[in-house]
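Protein chains in written order, with our numbering: chain A, -17 to 387; chain B, -17 to 387. Cβ coordinates follow ideal geometry from the N, Cα and C atoms, glycine included. As the structure is a computational prediction, the values presented were derived from the model and not from experiment. Have a look at the structure below before the remarks.
Protein chains: 2
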Amino acid sequence: MSLLVQKFGGTSVADAERMRLVADSIARNVRRGHQVVVAVSAMGKETDELLRLAAEVSRERPGREMDMLVTAGERKAMALLCMALHDLGVQADSFTGSQAGIVTDTDHTRARILEVRPERLREALDAGRVPVVGGAQGVSTDRDVTFLGRGGTDTTAVALAHALKADVCEIYTDVSGVFSADPRVVPEARRLDRVSFEEMLEMCAAGCPKPAMRSVELARTFGVALHVRSAFTWEPGTWIDEEDPEVEQAIVSAVVSDSSQAKLTVTGVPDRPGIAARLFRALAQRSINVDMIEQNVSIHGTTDISFTVPHDDLAAAEAVVAGLSDEIGATGAIADPEIATVSIVGAGMRTEPGVTAAMFETLAAEGINIEMISTSSIRLTCVVRAELAERAVQSLHRAFELEVA
Amino acid sequence: MSLLVQKFGGTSVADAERMRLVADSIARNVRRGHQVVVAVSAMGKETDELLRLAAEVSRERPGREMDMLVTAGERKAMALLCMALHDLGVQADSFTGSQAGIVTDTDHTRARILEVRPERLREALDAGRVPVVGGAQGVSTDRDVTFLGRGGTDTTAVALAHALKADVCEIYTDVSGVFSADPRVVPEARRLDRVSFEEMLEMCAAGCPKPAMRSVELARTFGVALHVRSAFTWEPGTWIDEEDPEVEQAIVSAVVSDSSQAKLTVTGVPDRPGIAARLFRALAQRSINVDMIEQNVSIHGTTDISFTVPHDDLAAAEAVVAGLSDEIGATGAIADPEIATVSIVGAGMRTEPGVTAAMFETLAAEGINIEMISTSSIRLTCVVRAELAERAVQSLHRAFELEVA
């Protein structure tokens, strides 16, 4: 008998039909003798719908009230899922984040879990019942309802798995695992059986949409193994776990692309100490997330600084640069929203020389120009023209022989 | 400075536009220097929508989960209303029933309030904030979320008004008060300035849809005066309060009709002691709400027993009667769904002879046959053919001169 924590995302419970399918799968696990704890997201697009409603009612949307509003979505889903389980003869009880003992800080709309006190869940398990916990929610140290942010149900599942010492944390989603590339772009993409926490975090940072990065961080911190799999096919998916030193690591595991960033280049900046510091401090103060940064070689004592920011932050970043241009002595700024990043990720890159050269050669052979480069020990990222990103992903996937065997 | 408890029903907050109108009205009261506590229902038809969803997902719908599901509606409304208030510069905080300290029994889907511990509401008021409480909800002594039932937001408002020693409890609804008859049936119907608790309870029992009967009972118990008024016109409405012995009571205050009942007649029952007891005990055991009962004069040692039940319970009542017919020796049962009750209510009826005769004469003059009669000290109810009910209401309203002066 194992204790399973199972997370079901919004797509998996989007309507009554799918809700019953999910209940059926949970019921099968219960009948096999497992203890099951469920974390469930709001149905389908309900969270978006609630945000739309808030925007319609009000310009000023205090975080406390936004969290009260948005968590209503998970509340509905968890109650309905319990009803569907009762129909199948499975005794199930829904729990809000507060009832499940998920204590968070007071940072509304993106609260962080401080502690999990799973007494009521334990009681339910001991009584042979299935606790169904509303995802992405908790109660703050001020006794207010909090929301953990988009993708927070993954985080809830990981925190519960850790607190309950679960044998496994299963993340059911609408894809059947983590792939060597986006299968819509690369039809030959392979589902990975196993990815290390570190690789997964680099893939998340490079644009892989699922699972949510924060939950992977938490899983790594707690050493909770994740099993990402499909809620519709039930076939084994991808395990995300500690790197196994006994096993030889793949040099490159996956190719990931991200077109959510834009590039901003500040030109003619005097090449003096402290200039870059002033620029990036000002951006940080406006909560603008800078990802990649590159500074050109100084010519005639001036240099160009390029950096990438999310598209949504581009206008704000331009305003910051414009406000600072006198102070830092820049001659201008060029915004370029038409870029994409293409990354290769693999734990084996650490020990394998020549990967960088192979990536550059592959892109060069396709006539794709590299505009910026950033690296970590297990990731290599290039900025390219947005319209060339798919071709870049396809050629790299081929070059590193990641296809289905 | 007064402390006002204001209840807003689903129609008053059905969309973003109305939500902002309600916020505007609350803001005006705050600016006048009043302290305001709000109890709010789910938006528009949302509760119906949630019930529909539950029926779609599941046949078995445990009360605990139904309550978790349904209370999501008020949760949305209260958060959105707070946001609209913030837009107008009014600091407002939403509170679930649990956060507001509304402790109930464990009778899910129709829980009763045991106690109100309004500490958090008091703190909010003391800090100059407007607490907005989700209607019809509480937390049970088992720490589960409970729903007080349809119309429960009125009950929430009355309980809060009592616990906070409010100066007034205002019930905002989509009509501008309590009328001498349904204005759709009797265009000359008059809005009553004042109705006693007893009259209002009789009117509720006789089919007056608003305010919810249970909240009027609670208001009478606690001596909380209610002011029923329109959320759209803001004109003074109807006060529901203790009967004032100094004021001469109207003989008839209102004419009320109800077509939600059906009649069942059990024929040829032996006229022996204990037969009726056995029948109505069996109906009570099936939780069938019997309203009026009439037993005909015994002819040849047998009698007919007629009673009324809600339409929804008619089939169940027929089954109970069929199952008992051998035991009680009945010869048959006749179901008649095509009936309506017509009632006159007035505190002055107690001391005024001749009201009964006047009612019967009025109906007789219209050629309307009376099929059953039931009375209390301040109410007189007749069962008539359903299709004649509107004419009966109109003629009684005229006969007792209840028109607008």
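Pick from the options that is closest to residue i, judged by C-alpha positions
i, options, result
"M389/A", "V39/B, K58/B and L96/B", "As displayed, chain A neither begins before -17 nor continues past 387, which places residue 389/A out of reach and without an answer."
"M50/B", "H293/A, L70/A, S76/A and E97/A", "S76/A"
"T333/A", "V302/A, R102/A and P227/A", "P227/A"
"F161/A", "S(-6)/A, V327/A and A340/A", "V327/A"
"A232/B", "R57/B, R176/B and V127/B", "R176/B"
"G(-9)/A", "I287/A, V210/A and A266/A", "V210/A"
"V324/B", "P335/B, D295/B, T357/B and Q17/B", "T357/B"
"F214/A", "L(-14)/A, V234/A and D6/A", "D6/A"
"V12/A", "V98/A, H293/A, V337/A and Q(-12)/A", "Q(-12)/A"
"A312/B", "I257/B, P319/B and I360/B", "I257/B"
"V85/B", "G45/B, T363/B, A145/B and S158/B", "A145/B"
"T363/B", "A322/B, K147/B and E369/B", "A322/B"
"V198/A", "P165/A, A141/A and A24/A", "A141/A"
"E101/A", "R125/B, R111/B and E101/B", "R125/B"
"R99/B", "D108/B, S80/B and R10/B", "S80/B"
"D87/B", "T123/B, G110/B and M25/B", "T123/B"
"V365/A", "H282/A, D273/A, S158/A and S359/A", "D273/A"
Burial state of residue i, where buried means 16 or more other Cβ atoms lie within 10 Å
i, result
"T83/A", "The displayed chain sequence assigns Gly, not Thr, to residue 83/A. Buried, since its Cβ has 16 or more Cβ neighbours within 10 Å."
"G120/B", "buried"
"H90/A", "buried"
"S178/B", "buried"
"S(-16)/A", "exposed"
"G336/A", "exposed"
"V386/B", "exposed"
"L296/A", "buried"
"V4/A", "buried"
"R254/A", "exposed"
"H293/A", "exposed"
"R34/B", "exposed"
"L67/B", "buried"
"E180/B", "buried"
"K27/B", "exposed"
"E217/A", "exposed"
"G110/A", "exposed"
"R268/A", "exposed"
Assumed close pair residue i, residue j - CB separation to whole angstroms, cut-off 8 angstroms
i, j, result
"P193/B", "L208/B", "7 angstroms"
"L345/A", "A374/A", "6 angstroms"
"A304/B", "A315/B", "7 angstroms"
"T290/B", "A244/B", "7 angstroms"
"L384/B", "V234/B", "7 angstroms"
"E56/B", "V18/B", "Not quite, the Cβ-Cβ distance comes to about 18 angstroms (not below 8 angstroms), so this is no contact."
"G134/A", "G117/A", "6 angstroms"
"A368/B", "E309/B", "So it is not a contact: roughly 32 angstroms between Cβ atoms."
Strand pairing of residue i, partner residues [DSSP]
i, result
"R202/B", "According to DSSP, which records beta bridges pairwise, R202/B is partnered with nothing at all."
"G116/B", "V22/B"
"F262/A", "Its beta-bridge partners do not exist; DSSP assigns none."
"Q(-12)/A", "V20/A and E152/A"
"W221/A", "R176/A and H209/A"
"E276/A", "S288/A"
"R361/A", "V327/A and S358/A"
"E97/B", "V85/B"
"Q243/B", "P292/B"
Amino acids of chain A, ordered along the chain, whose beta-carbon sits closer than 9 angstroms to that of residue i
i, result
"L107/B", "In chain order: nothing, as chain A lies at least about 17 angstroms away."
"R380/B", "The premise fails here: R380/B is roughly 46 angstroms from chain A at the closest Cβ pair, so nothing lies under 9 angstroms."
Chain A contact residues for residue i, given Cβ-Cβ distances below 8 angstroms
i, result
"L35/B", "A(-2), K58 and L62"
"E101/B", "The premise fails here: E101/B is roughly 11 angstroms from chain A at the closest Cβ pair, so nothing lies under 8 angstroms."
"P44/B", "C64, M65 and H68"
"L32/B", "K58"
"M1/B", "V39"
Within chain B, partners of residue i - CB distance below 7 angstroms
i, result
"A54/A", "A54, R57 and K58"
"L51/A", "K58, A61 and L62"
"R211/A", "None at all; the shortest Cβ gap to chain B is about 23 angstroms."
"S76/A", "E47 and M50"
Cross-chain neighbours of residue i in chain A, by beta carbon under 7 angstroms
i, result
"V4/B", "Correct list: empty, because the minimum Cβ distance to chain A is about 11 angstroms."
"E38/B", "A(-2)"
Proximity test, Cβ basis, 7 angstroms: residue i and chain C
i, result
"E47/B", "Any reference to chain C falls outside this structure, whose protein chains are A and B."
Under 8 angstroms by beta carbon: chain B residues contacting residue i
i, result
"R41/A", "D69"
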